[in-house]
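Everything below concerns the one structure shown next.
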Amino acid sequence: MKIGDIEIKGHVVLGPMAGVTTLAYREFMKGFGVGLSYSEMISDCGLFYGNKKTLDYAATSTIDRPVGLQLFGFDANNSVKAVKILEENADYDILDLNFGCPVTKVVKTGAGSAWMKRPLEMEEYTKAVVQASSKPVTAKIRLGWDEDSINVFEVAKRLERAGVAALTVHCRTRAQGYSGTARYEAIAGLKETLSIPLIVSGDIYTPLDAKKAVDITKADAVMVARGGVGHPYLVTQINEYLDNGVLLDNPSLKTQIGYALDFANRLIAYKGEYIAVNELRGLIPHFLSGFKGYKAIRNNIAMHVKTKEDLFAILNGLLLRTGNED
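Take the sequence shown: its letter number 158 is residue 207 in the numbering used here, and every next letter is one higher.
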């Protein structure tokens, strides 16, 4: 798959997730075969009002390539200014426009998936951003606002006409949020109408999910988001299954704890102990889900972890209990 002149290797795009897809997380996931990563959402207003934390979201590294920065906004003038700021202060390969976020505080401003209600304005907005950007511009959308206004085919063509270099479709409506199931069938035939790459998103939790999504939609890649949190090896499994038809075994508990320790160290080094540990209390349990005693471990982390030593004591204690497990 090529986005503009950027070659994307592998079948998996790492989806943007607020509070998750930090630089530390993207670097950690890269080693498992991610072809393209997207940052957390970056507010255009936050950028041109000079909010330092907003610009921190745009941090990248040589490991984290190719990488896209995901911008959200509700006004072309604001977003064009934000693009200029990003181009002067960040090192990245692709600019992504968020037309899919269903969160109320984003939607009520007219940003995120609220754009799905204004396809003509969305096209004009996108055209302005594409013209302002020296990087290829991609976009992420949903099926529509709700069941009565599914307009993904119309929106896709408008965005292609506006100049986007690739399109991601999360196969739910805004009204669904993250509930129910992703409906890949709703975009069957869309790929054949486009001359740009199509990435399919929603409910990619196993290699079989990825194969089903690609078979139905003919998409060029799958986007892994929530399904990969705590399960980084899923990316490797998907690539192997789509390339060779081989279903790799799930990692052992011992291996998962090793992944958790690696990620924890990276996040602590990146954000500092206090902030990182607060975030890790919610993230680390995902690495242990599906194993015996998961609920007790999750509760133990939530209630007793205040420092990195607390966290590592729990994880290293679990390692000792696994013994010589492969």
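Cβ coordinates follow ideal geometry from the N, Cα and C atoms, glycine included.
In the three-state DSSP reduction, asparagine 327 falls in the helix class (H, G or I).
DSSP places threonine 187 within a strand segment (E or B) once states are collapsed to three. The beta carbon of tryptophan 164 sits closer than 7 Å to those of Phe148 and Met171, all from its chain and outside the five residues before and after it, given in chain order. Taking C-alpha positions only, glycine 193 is separated from alanine 224 by approximately 9 Å. With a cutoff of 7 Å on beta-carbon distance, phenylalanine 336 and tyrosine 308 are scored as near each other. Only residues of its own chain outside the window of five on either side were considered, and among them Tyr290 and Leu291 have a CB closer than 7 Å to the CB of lysine 260, listed in chain order. The Cβ atoms of alanine 325 and isoleucine 317 lie closer than 7 Å to each other.
Taking C-beta atoms under 8 Å as the contact rule, methionine 90 and proline 65 qualify, at a distance of about 6 Å. Tyrosine 227 counts as exposed, since fewer than 16 other beta carbons sit within 10 angstroms of its beta carbon. Cβ contact annotation for lysine 51 (same chain, cutoff 8 Å, sequence separation greater than five): Ile57 and Pro246, in chain order.
The bridge partners DSSP lists for alanine 270 are Ile248. Here methionine 272 is buried, its C-beta having at least 16 other C-beta atoms within 10 Å.
Straight across, the Cα-Cα distance linking tyrosine 282 with aspartate 264 is about 22 Å.
Annotation for aspartate 359: the continuous alpha helix (DSSP H) segment containing it runs 357-371.
The secondary-structure analysis by DSSP pairs valine 204 with nothing; it has no beta-bridge partner.
The distance from the Cβ of valine 62 to that of isoleucine 248 is about 5 Å, consistent with a contact at the 8 Å cut-off. For alanine 274, the closest C-alpha among the options Met78, Lys166, Ala73 and Gly53 is that of Met78. Taking 7 Å as the cut-off, the beta carbon of leucine 302 is found closer than this to the beta carbon of threonine 371.
Contact fails between the region 153-161 and the region 181-189, because fewer than three Cβ pairs, one in each stretch, are under 8 Å apart.
In this structure, the alpha-carbon of alanine 211 lies about 34 Å from that of glycine 80. Less than 7 Å divides the Cβ of alanine 188 from the Cβ of leucine 146. Around the Cβ of glycine 82, a 10 Å sphere holds 16 or more other Cβ atoms; the residue is buried. In the DSSP assignment, phenylalanine 121 falls outside any alpha helix (DSSP H) and lies within the beta strand (DSSP E) extending over 116-121. Under the DSSP assignment, isoleucine 134 falls in the alpha helix (DSSP H) whose first and last residues are 125-138. A direct Cα-Cα distance of roughly 42 Å separates glycine 95 from leucine 368. Within 10 angstroms of the beta-carbon of histidine 353 lie fewer than 16 other beta-carbons, which makes it exposed. Beta-bridge partners assigned by DSSP to leucine 85: Val62.
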